[in-house]
Amino acid sequence: MSDSTTPAPVLDVVIPVHNEQHTVGACVRRLHQHLVHTFPYPFRITVADNASTDATALVASGLAAELPGVAVVRLAEKGRGRALKAVWLASDAPILAYMDVDLSTDLDALWPLVAPLMSGHSDLAIGSRLARGARVVRGAKREVISRGYNLILRGALGARFTDAQCGFKAIRADVAAELLPLVEDTTWFFDTELLVLAQRSGLRIHEVPVDWFDDPDSRVDVVGTALDDLRGVLRVRRSLASGALPVGDIAARLGRGTPGGSTWQQLQRFAAVGVVSTVIHLGLFAALSAGVESAQVANLVALLIATVANTALNRRWTFGIQGGRGAARHQVQGLVIFGITWLMTAAALALLHLAVASPATTVQTAVVALATAASTAVRFVAMRSWMFRTPTTLGEGRPSAPVPHTEAAASHLSPEVTSRVA
């Protein structure tokens, strides 16, 4: 914490450590020198010692006494996620960051990491070893595991960020206050869980391609960590599916876009769903037309089935709504939209039969297709502004307020923090 004679820091960079007595000194000195020469605002470097049993705390305390802007927090329990959560929630800086003690990431990426958060453009920022422009030196085993893990995140959780586990991230303090109480993991899955919550809450995640060099002395249990991460993926997936995580409420409070993404992203997914449901509609219509006397009945049944599928797909994929809560209501609202769409296609068929006594099935199908296409805009507007509307739709794209450089965010000390040396 800052006292009355010390300017409140704009940036608090946390370095979680556990038994790093031989590396923490070089890391902190290098980072401190970099910030002194490149960061034009007050900063703090916080060494978060999570239950070290060697001389790490002693070395860190010496650094705090020697270097201005360096602090030490000691925690009684081990866990990188636990340390970050405790220190971030207790910090008085509006921008919070962390990096691994091995400094595998080039520090030149630090300013590009935090600048979008300071301007209010983004809510979180992550270093990415897999983004275009990144330069990475590491073994084939860790490369395969990293890429495979991110593919799992994309498939299981719909992740759109490219690198969940790079130890180089930053977050706005107001966003951290909303998300961190919901993050359950206290170890390595902490990063992934935080990012998934942010994405599902409609927050902006800025990615910075980084130069990254694998630490050959890394003591991370890659296999054990991967298994823990997979268990975490399953847990978060279940929580999202059940609606236990209030991502919509967070989006409303923070004033960002809808959890489903930007308007353009929603339009793209809506179009894809529309293609699928249109194929279902027209296929069923063509099949039913051959077996029933009335084309209107065939169209009604086919459109009803396609509408139920369309509502479910758009709810889950286009607008990012998880879980069963509200599903029945959305289907009822979908049937109202179905009624509008059906009236448009029914009117088109009626006009066709007025013009042609016995039109061929292909002609009828084409007319229904044109009427369906004309109703697409109506369906999207109704879904976005009525069915799946969230309180943030009206404020979509509104940036967060820029970070004040002279005022600190409100802070509260976590009970997990046992001592702090400034």
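Using numbering that gives the first Met the number 0, read the sequence shown as starting at 0 and increasing by one per residue.
Glycine included, C-beta positions come from ideal geometry on N, C-alpha and C.
Whether residue i touches residue j by CB criterion (8 Å)
| i | j | result |
| --- | --- | --- |
| residue 169 | residue 113 | yes |
| residue 203 | residue 122 | yes |
| residue 84 | residue 50 | no |
| residue 178 | residue 152 | no |
| residue 94 | residue 172 | yes |
| residue 167 | residue 108 | yes |
| residue 74 | residue 82 | yes |
| residue 35 | residue 62 | no |
| residue 332 | residue 385 | yes |
| residue 213 | residue 268 | no |
| residue 265 | residue 383 | yes |
| residue 38 | residue 110 | yes |
Nearest residue (CA-CA) to residue i, options the options
| i | options | result |
| --- | --- | --- |
| residue 96 | 14, 185, 360 | 14 |
| residue 343 | 33, 373, 355 | 373 |
| residue 125 | 164, 92, 138 | 164 |
| residue 182 | 166, 145, 238, 225 | 238 |
| residue 247 | 318, 171, 277 | 318 |
| residue 67 | 22, 265, 290, 32 | 32 |
| residue 191 | 212, 145, 361, 176 | 145 |
| residue 69 | 355, 245, 11 | 11 |
| residue 299 | 334, 316, 120 | 334 |
| residue 86 | 271, 278, 180, 316 | 180 |
| residue 270 | 327, 380, 353 | 380 |
| residue 387 | 358, 354, 316, 370 | 316 |
| residue 278 | 368, 139, 143 | 368 |
Host beta strand (DSSP E) of residue i (start-end)
| i | result |
| --- | --- |
| residue 205 | 204-208 |
| residue 74 | 69-74 |
| residue 133 | From DSSP, residue 133 is part of no beta strand (DSSP E); its letter is neither H nor E. |
| residue 79 | Per DSSP, residue 79 belongs to no beta strand (DSSP E); it is in the alpha helix (DSSP H), 79-89. |
| residue 167 | 167-171 |
| residue 47 | 42-49 |
| residue 11 | 10-16 |
Own chain partners of residue i with C-beta closer than 7 Å, once the 5 adjacent residues on each side are dropped
| i | result |
| --- | --- |
| residue 366 | 347, 348, 351 |
| residue 433 | Within the shown structure, residues of the chain are numbered from 0 to 421, placing residue 433 beyond reach of any answer. |
| residue 404 | With a pLDDT of 43 at residue 404, under the threshold of 50, the predicted position of this residue should be treated as unreliable, though the coordinate-derived value follows. Cβ neighbours of residue 404 beyond the five flanking positions: 9, 40. |
| residue 229 | none |
| residue 59 | 23, 46, 48, 71 |
| residue 297 | 284, 287, 288, 291 |
| residue 53 | 18, 20 |
| residue 294 | 288, 348, 363 |
| residue 252 | 177 |
| residue 127 | 133, 161, 162, 165, 206, 207, 208, 209 |
| residue 193 | 178, 182 |
Beta-carbon contacts of residue i that lie in its chain and below 6 Å, excluding the five residues immediately before and after
| i | result |
| --- | --- |
| residue 19 | 55, 100 |
| residue 314 | 320, 329 |
| residue 130 | 161, 206, 208 |
| residue 224 | 187 |
| residue 360 | 288 |
| residue 174 | 122 |
Short CB-CB distance (under 8 Å) between residue i and chain D
| i | result |
| --- | --- |
| residue 83 | You won't find chain D in this structure, because it holds only one protein chain. |
Integer Cβ distance of residue i from residue j, believed to fall under 8 Å
| i | j | result |
| --- | --- | --- |
| residue 16 | residue 47 | 7 Å |
| residue 91 | residue 7 | 6 Å |
| residue 134 | residue 210 | 5 Å |
| residue 156 | residue 232 | 6 Å |
| residue 273 | residue 375 | 6 Å |
| residue 106 | residue 30 | 7 Å |
| residue 201 | residue 250 | 4 Å |
| residue 282 | residue 185 | Actually they do not touch by this definition, with Cβ atoms about 51 Å apart. |
Extent of the continuous alpha helix (DSSP H) to which residue i belongs
| i | result |
| --- | --- |
| residue 422 | There is simply no residue 422 to check, as the chain begins at 0 and stops at 421 in what is shown. |
| residue 313 | Segment: none, residue 313 is in no alpha helix (DSSP H) and carries neither H nor E. |
| residue 343 | 326-354 |
| residue 371 | 360-381 |
| residue 190 | 189-199 |
| residue 23 | 23-37 |
| residue 117 | 109-118 |
| residue 95 | Where residue 95 is concerned, there is no enclosing alpha helix (DSSP H), although the beta strand (DSSP E) it sits in stretches over 94-98. |
| residue 160 | Here residue 160 belongs to no alpha helix (DSSP H), and DSSP marks it neither H nor E. |
| residue 387 | Careful: residue 387 lies outside any alpha helix (DSSP H) and carries neither H nor E. |
| residue 248 | 246-253 |
| residue 179 | From DSSP, residue 179 is part of no alpha helix (DSSP H); its letter is neither H nor E. |
| residue 265 | 262-288 |
| residue 60 | 55-65 |
Contacting residues, own chain, Cβ-Cβ under 8 Å from residue i (five flanking each side not counted)
| i | result |
| --- | --- |
| residue 276 | 305, 306, 308, 309, 312 |
| residue 148 | 163, 164, 225, 228 |
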